[in-house]
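Asker: Got a structure here, written out as structure tokens. Questions coming.
Chains as they are written, first to last, in our numbering: chain D, 1 to 320; chain L, 1 to 320.
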């Protein structure tokens, strides 16, 4: 096994070596711009590492790893249009820098390109790789649709929320792990177990994201704190507070926009009074434990186990 | 060989039998709505007919035929958002009936679903089917980008226009034919020849569309006549007129919106004075001839040859 940063370097090298056509520039420049974003590259690293953990050369899965990163960036591009988001990782989003038409069309091209990359040197695994990849993609669209539906509902349950984040964000981490296992010729049960590790890791990650959006350090988090509260975003924290806040404070502040700082403070103090920061961390720890239990069922080296365990533990400890 | 309408019925049956999930309805209802549009289904019919013409059971290519129709409808859905079109085949477009977010996300789901359908029972042809399909998809995005780029240019040449419509519309007809040949286990050269037939058919079709937009019968054409002229759309007719109109009438009317009927009449009379209606039909006939020449190089029955020749000849004679 290698260090996270070595896999990251391999992914970044492969991304720089992608030979996209140059013309028409209106189609391809936004793709280069999107990929040049300096993201965490967590998903392709998971693919390479899972492949190596199961005894294969990680380079056997490099095209599939890059395909998954391409797909992930496509979803961000289209989500930013749907959410009308202006900024992504400190830079203007594609539809702001160019326009909506460009963002839609370049995103479509990224989705097709990701399928093309997935097929490169997939060999006998092509049909199964496509099934995993396309099935995951459909889950992600379903998750995005539920997320949008939740904006207009005030009765979203915690169970519905967990299912939404499982679909919208976690299954792609599962897919990344399962894809590495598939490309390593691992048996189906091993692929499924690695997939489940990734899903649990993804749930822990998303809940920590929700936590950091309210409780993060503005200097390390990279974006303004309290955005979810201001947008009445139905996160685990807000849904729990809506259920348990007998003072009615949280519900009375939904839709309010006149004093953002006061709204954040008031909602946060309800969260605190309900012990939600501690309780969300208990939940995150439970998902980390589930992820680690999946590792225990895999025949991998102690070194590989440590690699994936550390990733899971870092999802709780990270502050950005 | 069967009649066009029998293949059409087979395609419509397969589309009705698609088992899309029902939830979340916000994602899947727009897909059902889009497919239920009563389109010509020319592309999937080409796939089934090419497969049968080469001696195979057309049902061997039914999933690939439906995949191509699904893909085609996905491009219409996203194009309508990009063009801000309100009506498609007499009904509100998806982004008008729902909203932009729904149109973007449902379109993405249709693209992924089309790839899934393409893979169904593709057997040994999976890798090649994907290559043909994804390569065609990239061409279509490039064509759409060129089409959008042309809106802001006044120096588009006829050669650039022909390349744009080849990419944006013709290669998908080529792909539909080539896919049928592939699924019939035909040799690569046969697939290429059938692909070329489809491309020539597509060019003839698109030029006839351009002609009908100005010269069609409003009662049979199904939409208002003169839309391309009003929108200064860079069609073959407008580009030729911009090159050859020494009176400067056409250029002086670009961008003018105050008297639509007068603009249509004035531009049309320049087209007439330059004999463009006759000249575009000479060009269409040349593409029809090229399509028929491709048929002559294929080992197909006289009956099959007649089927595909009639399709090409109809592209010139049709009035809708």
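Think of the CB as a built atom: it goes at the ideal place given N, C-alpha and C, for glycine as much as any other residue. Being a predicted model, the structure only gives us computed values, none of them experimental.
Starting from residue 198/D, trace the alpha helix (DSSP H) in both directions and tell me its first and last residue.
Answerer: Position 198 of the first chain holds residue 198/D. Note, residue 198/D: alpha helix (DSSP H), 188-215.
Asker: Is the stretch 290-299 of chain L touching the stretch 186-202 of chain L in the sense that three or more CB pairs, one from each, lie closer than 8 Å?
Answerer: Touching, yes.
Asker: Whose Cβ in chain L lies nearer than 7 Å to the Cβ of residue 70/D?
Answerer: Within the first chain, residue 70/D is the residue found at index 70, counting from 1. Neighbours of residue 70/D on chain L: none; closest Cβ ~13 Å, over 7 Å.
Asker: Using a cut-off of 7 Å between C-beta atoms, extract the partners of residue 101/D located in chain L.
Answerer: Residue 101/D sits at position 101 when you count from the first residue of the first chain. Under the 7 Å cutoff, chain L gives 82 and 148.
Asker: As a quick exercise: from 35/D, 311/D and 20/D, pick the residue whose alpha carbon is nearest that of residue 177/D.
Answerer: Taking the first residue of the first chain as 1, we reach residue 177/D at position 177. Residue 177/D has its Cα closest to that of 311/D, out of 35/D, 311/D and 20/D.
Asker: For residue 54/D and residue 196/D, what's the separation of their Cα atoms in angstroms?
Answerer: As a position in the first chain, residue 54/D is number 54, starting the count at 1. As a position in the first chain, residue 196/D is number 196, starting the count at 1. In a straight line, the C-alpha of residue 54/D is about 16 Å away from that of residue 196/D.
Asker: Which residues, in chain order, does the stretch 286-299 of chain L contribute to contact with chain D at a C-beta distance below 9 Å?
Answerer: Of all residues in the stretch 286-299 of chain L, none has a Cβ within less than 9 Å of some Cβ in chain D.
Asker: Can you confirm whether the stretch 141-159 of chain D touches the stretch 29-37 of chain D when touching is taken to mean that 3 or more C-beta pairs between the two stretches lie within less than 8 Å?
Answerer: They do not touch, by the three-pair rule.
Asker: Using a Cβ-Cβ cut-off of 9 Å, state whether residue 126/L counts as contacting chain D.
Answerer: The residue labelled residue 126/L in the question sits at position 126 within the second chain. By this cut-off, residue 126/L is an interface position.
Asker: Quick check: residue 73/D and residue 37/D, are their CB atoms within less than 9 Å of each other?
Answerer: As a position in the first chain, residue 73/D is number 73, starting the count at 1. As a position in the first chain, residue 37/D is number 37, starting the count at 1. For residue 73/D and residue 37/D, yes; Cβs fall inside 9 Å.
Asker: Residues in the same chain with beta-carbon distance under 8 Å from residue 79/D, minus the five sequence neighbours each way, listed in chain order, please.
Answerer: By 1-based counting over the first chain, the position of residue 79/D is 79. So the list reads 85 and 144, once near-sequence residues are dropped.
Asker: Would the stretch 129-138 of chain L and the stretch 218-230 of chain L be scored as touching if the rule is three or more Cβ pairs under 8 Å?
Answerer: With a cut-off of 8 Å, the stretch 218-230 of chain L and the stretch 129-138 of chain L do not count as touching, because too few Cβ pairs lie within range.
Asker: For residue 58/D, count neighbouring C-beta atoms within 10 Å of its own C-beta (all shown protein chains included) and say buried if the count is 16 or more, exposed if not.
Answerer: As a first step, residue 58/D is located in the first chain; it is residue number 58 there, counting from the start. That one is buried.
Asker: Under three-state DSSP, which class holds residue 318/D?
Answerer: Along the first chain, read from residue 1 onward, the residue named residue 318/D stands at position 318. Note: residue 318/D maps to coil in three-state DSSP.
Asker: Using Cβ-Cβ distances below 7 Å, what residues of the stretch 88-119 of chain D are close to chain L?
Answerer: Cβ contacts with chain L: 101, 104, 105, 108, 109, 111, 112, 115, 116 and 119.
Asker: Taking residue 10/D as the reference, give the member of 69/D, 27/D and 23/D with the closest Cα.
Answerer: For the purposes of this step, residue 10/D is taken as residue 10 along the first chain, with counting starting at 1. Of 69/D, 27/D and 23/D, the residue nearest in Cα terms is 69/D.
Asker: For residue 288/L and residue 211/L, I'd like the C-alpha separation in whole angstroms.
Answerer: Taking the first residue of the second chain as position 1, residue 288/L is located at position 288. Taking the first residue of the second chain as position 1, residue 211/L is located at position 211. Spanning the two alpha carbons is a distance of roughly 15 Å.
Asker: If you drop the 5 nearest sequence neighbours on each side, which residues of the same chain put their C-beta closer than 8 Å to that of residue 241/L?
Answerer: Working through the second chain from its first residue, we reach residue 241/L at position 241. Correct list, in chain order: 250, 267, 270, 271, 274 and 276.
Asker: Which residues, taken in chain order from the stretch 10-24 of chain L, show a beta carbon closer than 9 Å to some beta carbon of chain D?
Answerer: Listed by position, the residues of the stretch 10-24 of chain L near chain D (Cβ gap below 9 Å) are 21, 23 and 24.
Asker: For a contact meaning CB atoms closer than 7 Å, what does residue 179/L contact in chain D?
Answerer: Numbered from 1 along the second chain, position 179 holds the residue referred to as residue 179/L. The contacting residues do not exist; residue 179/L stays about 16 Å from chain D at best.
Asker: With a threshold of 9 Å between beta carbons, is residue 161/L in contact with chain D?
Answerer: Reading the second chain from its first residue, position 161 is the one you call residue 161/L. Residue 161/L does not count as touching chain D.
Asker: Taking the C-alpha atoms as reference points, what is the distance between residue 247/D and residue 213/D?
Answerer: Counted from its first residue, the first chain places residue 247/D at position 247. Counted from its first residue, the first chain places residue 213/D at position 213. Approximately 23 Å, taken between the alpha carbons.
Asker: If you pair each beta-carbon of the stretch 97-114 of chain D with each one of the stretch 300-319 of chain D, do three or more pairs fall below 8 Å?
Answerer: Flag = no, the stretch 97-114 of chain D and the stretch 300-319 of chain D do not touch.
Asker: Can you list, in chain order, the residues of its chain whose CB lies under 6 Å from that of residue 120/D, leaving out five sequence neighbours each side?
Answerer: Taking the first chain and counting its residues from 1, one reaches residue 120/D at position 120. 63.
Asker: Beta-carbon of residue 303/D versus every beta-carbon of chain L: anything under 9 Å?
Answerer: Numbered from its first residue, the first chain carries residue 303/D at position 303. So, not an interface residue.
Asker: Does the beta carbon of residue 145/L sit closer than 9 Å to a beta carbon anywhere in chain D?
Answerer: Your numbering for residue 145/L matches position 145 in the second chain. It does; some Cβ of chain D falls within 9 Å.
Asker: Tell me the rounded alpha-carbon separation between residue 5/D and residue 44/D.
Answerer: The residue given as residue 5/D occupies position 5 in the first chain. The residue given as residue 44/D occupies position 44 in the first chain. Looking at the two C-alpha atoms, the distance is approximately 12 Å.
Asker: By the criterion of Cβ-Cβ separation under 8 Å, what are the contact partners of residue 78/D in chain L?
Answerer: By 1-based counting over the first chain, the position of residue 78/D is 78. Within 8 Å Cβ-Cβ: 104, 105 and 108.
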